Amino acid sequence: MAGFRKAFSWSPNFAVLVMVAEFVVSAQAASFVLKWSPQAHTDGLQAFEGIQDDRQQSDPGVKHIYVQGNSYRFDMPLKQRELGKAESERQRNEVYGMVANQTGKGISILKGESWRIQHKIFIPKSLKATTSFTHIMQLLSTLPTLTLSLRHTNNIPAIELHLYNRTAGGSKIIASTPLSPLQEKWIESQITFTAVADGAIQWLLRDAATNAVIVQADGSGELIQMDRVRPKWGIYRSVSDTPHLQNCFMLIKDLQAWRQE
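The numbering used here numbers the first residue of the sequence shown as 3 and each following residue consecutively.
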């Protein structure tokens, strides 16, 4: 830690006490170091550990997750259903995990580490908030611990950061803001967190074109249950709120992840 060390020397000629301030640096302050920054047009879907594209094959022969320009595109047709009987009332097209383009190895978010994950999102008007759940980004440690969701509450569609306490039960909203003004434009979400049982969370949501801050909020909660955390991106939603469902898509780009070192 940087600081000042006080040293004293005696000058017999002047018989004065001279105090010398000496700047000592023992270690540099911790900073976030970029660990992952894929470009869709060059890295493709190999940037992710896994792809969950219509696992039930309810829309066979169609790719729902693919590169469009320098963005990743997620399509969600109304007829699609998730894999398994218990999941038949849900839809999922997501990617998860991070793979380093230099080595091809997975990048792990481990217990006790602090990370910052950022990406730009384009939400069209066809992708609506729902009264049940519509997640567009998640942090998972076996189960979801944090979700970026589109929720329709009190007749107001909103985008919210939602925290789940899997050990004690219950959940809470870190922050929420109206969705409608943010559709049909690029926005940027940045989540900073520490992967511990009571970890700090910061959420920064900005207009990607002007850099104007839309939401700046913080909180704390249980962000890890097992030995690692995986981020997910895409569309995962319930089909129970039929009035707010239609064929839709979402775009993401400029994904980045930093680890504090």
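Here a beta-carbon is modelled for each residue, glycine too, at the ideal position from N, C-alpha and C.
Just so we're clear, the structure is a prediction, and the values are computed from it rather than from any experiment.
(message) Check for me: the beta strand (DSSP E) holding His154 runs from which residue to which?
(response) Looking up residue 154 in the sequence shown gives position 152. Start and end: 145-155.
(request) Would you mind reading off the limits of the beta strand (DSSP E) that contains Ala259? (result) Along the sequence shown, one-based indexing puts residue 259 at 257. Segment 250-262, the beta strand (DSSP E) holding Ala259.
(request) Mind reading off the beta-carbon distance from Ala93 to Val241? Whole number of angstroms is fine, and I expect it under 8 Å. (result) In the sequence shown, residue 93 corresponds to position 91, counting from 1. In the sequence shown, residue 241 corresponds to position 239, counting from 1. Looking at the sequence itself, residue 93 is Gln, so the reference to Ala does not match. In this structure, Gln93 and Val241 form a Cβ contact; the two beta carbons are roughly 6 Å apart against a cut-off of 8 Å.
(message) Suppose contacts are defined by Cβ-Cβ distances below 9 Å. Is Trp260 in contact with Tyr98 by that definition?
(response) Residue numbering aside, residue 260 sits at position 258 when the sequence shown is read from its first letter. Residue numbering aside, residue 98 sits at position 96 when the sequence shown is read from its first letter. Not a contact, by the Cβ cut-off of 9 Å.
(message) The beta strand (DSSP E) that contains Asp45, what's its start and end?
(response) Position 43 of the sequence shown, counting from 1, holds the residue named residue 45. Segment 42-45 is the alpha helix (DSSP H) holding Asp45; no beta strand (DSSP E) there.
(request) Might you give, ordered along the chain, the residues of its own chain that have their beta carbon closer than 8 Å to the beta carbon of Arg75, omitting 5 neighbours on each side? (result) Translated into the one-based positions of the sequence shown, residue 75 becomes position 73. These residues qualify, in order along the chain: Ile67, Tyr68, Val69, Phe251, Met252, Leu253.
(request) Just mark Gly331 as buried or exposed, buried being the case when its beta carbon has 16 or more other beta carbons within 10 Å. (result) The structure shown does not extend to residue 331, since the chain spans only 3 to 263, so no value can be given for it.
(request) May I ask which residues mark the beginning and end of the beta strand (DSSP E) holding Met78? (result) The sequence position of residue 78 within the sequence shown is 76, counting from 1. Start and end: 73-78.
(message) With three or more beta-carbon pairs closer than 8 Å as the criterion, would you say the stretch 152-166 touches the stretch 176-191?
(response) Taking 8 Å as the limit for Cβ pairs, the verdict is that the stretch 176-191 does touch the stretch 152-166.
(message) Considering only their Cβ atoms, is the gap separating Ile203 from Leu152 smaller than 9 Å?
(response) Your numbering for residue 152 matches position 150 in the sequence shown. Your numbering for residue 203 matches position 201 in the sequence shown. Not in contact: Leu152 and Ile203 (Cβ atoms no closer than 9 Å).
(request) Report the rounded CA-to-CA distance for Asn72 versus Glu186, giving the unit in angstroms. (result) Working through the sequence shown from its first residue, we reach residue 72 at position 70. Working through the sequence shown from its first residue, we reach residue 186 at position 184. Distance from the CA atom of Asn72 to the CA atom of Glu186, rounded to whole angstroms, is 17 Å.
(request) Could you please give the first and the last residue of the uninterrupted beta strand (DSSP E) stretch that includes Thr194? (result) In the sequence shown, residue 194 corresponds to position 192, counting from 1. Counting along the chain, the beta strand (DSSP E) containing Thr194 begins and ends at 188-196.
(request) Look up Thr132 in the DSSP assignment and give the residues it is bridged to. (result) Residue 132 sits at position 130 when you count from the first residue of the sequence shown. Beta-bridge pairing by DSSP links Thr132 to Arg153.
(message) Counting beta carbon pairs with one atom in the stretch 220-228 and one in the stretch 129-147, are three or more of them shorter than 8 Å?
(response) Touching, per the Cβ criterion.
(request) Would you give the residue range spanned by the beta strand (DSSP E) that Pro180 belongs to? (result) Position 178 of the sequence shown, counting from 1, holds the residue named residue 180. Residues 173-180.
(request) Report the rounded CA-to-CA distance for Ser134 versus Lys174, giving the unit in angstroms. (result) Here residue 134 refers to the residue found at position 132 when the sequence shown is read from its first residue. Here residue 174 refers to the residue found at position 172 when the sequence shown is read from its first residue. Spanning the two alpha carbons is a distance of roughly 15 Å.
(request) Note down the Cα distance separating Pro245 from Ser128, rounded to an integer number of angstroms. (result) In the sequence shown, residue 245 corresponds to position 243, counting from 1. In the sequence shown, residue 128 corresponds to position 126, counting from 1. Cα-Cα distance, rounded: 12 Å.
(message) Along the chain, where does the beta strand (DSSP E) containing Gly63 start, and where does it finish?
(response) Counting from 1 along the sequence shown, the entry for residue 63 is found at position 61. No beta strand (DSSP E) holds Gly63; DSSP gives it neither H nor E.
(request) Report yes if the CB atom of Val215 is closer than 9 Å to the CB atom of Arg208, and no otherwise. (result) The residue labelled residue 215 in the question sits at position 213 within the sequence shown. The residue labelled residue 208 in the question sits at position 206 within the sequence shown. Yes, they are a contact pair.
(message) Give the list of continuous beta strand (DSSP E) stretches no shorter than 3 residues that lie fully inside the stretch 90-116.
(response) Restricting attention to beta strand (DSSP E) runs no shorter than 3 residues, the stretch 90-116 encloses them at 92-98, ordered along the chain.
(request) Measure the Cβ-Cβ separation of Ile111 and Trp117 and say whether it is below 9 Å. (result) The count along the sequence shown starts at 1 and reaches residue 111 at position 109. The count along the sequence shown starts at 1 and reaches residue 117 at position 115. Taking a C-beta distance under 9 Å as the contact criterion, Ile111 and Trp117 qualify as a contact pair.
(request) Output yes or no for whether 9 Å exceeds the beta carbon distance between Ile176 and Trp205. (result) For this step, residue 176 is matched to residue 174 along the sequence shown. For this step, residue 205 is matched to residue 203 along the sequence shown. At a Cβ-Cβ threshold of 9 Å, Ile176 and Trp205 count as neighbours.
(request) Can you have a look at Ala211 and say buried or exposed, based on whether 16 or more other CB atoms are within 10 angstroms of its CB? (result) If you number the sequence shown from 1, residue 211 lands on position 209. With fewer than 16 Cβ atoms within 10 Å of its Cβ, Ala211 is classed as exposed.
(message) Does Gln70 come out as helix, strand or coil in the three-state DSSP assignment?
(response) Here residue 70 corresponds to residue number 68 of the sequence shown, with the count starting at 1. Gln70: strand per DSSP, three-state reduction.
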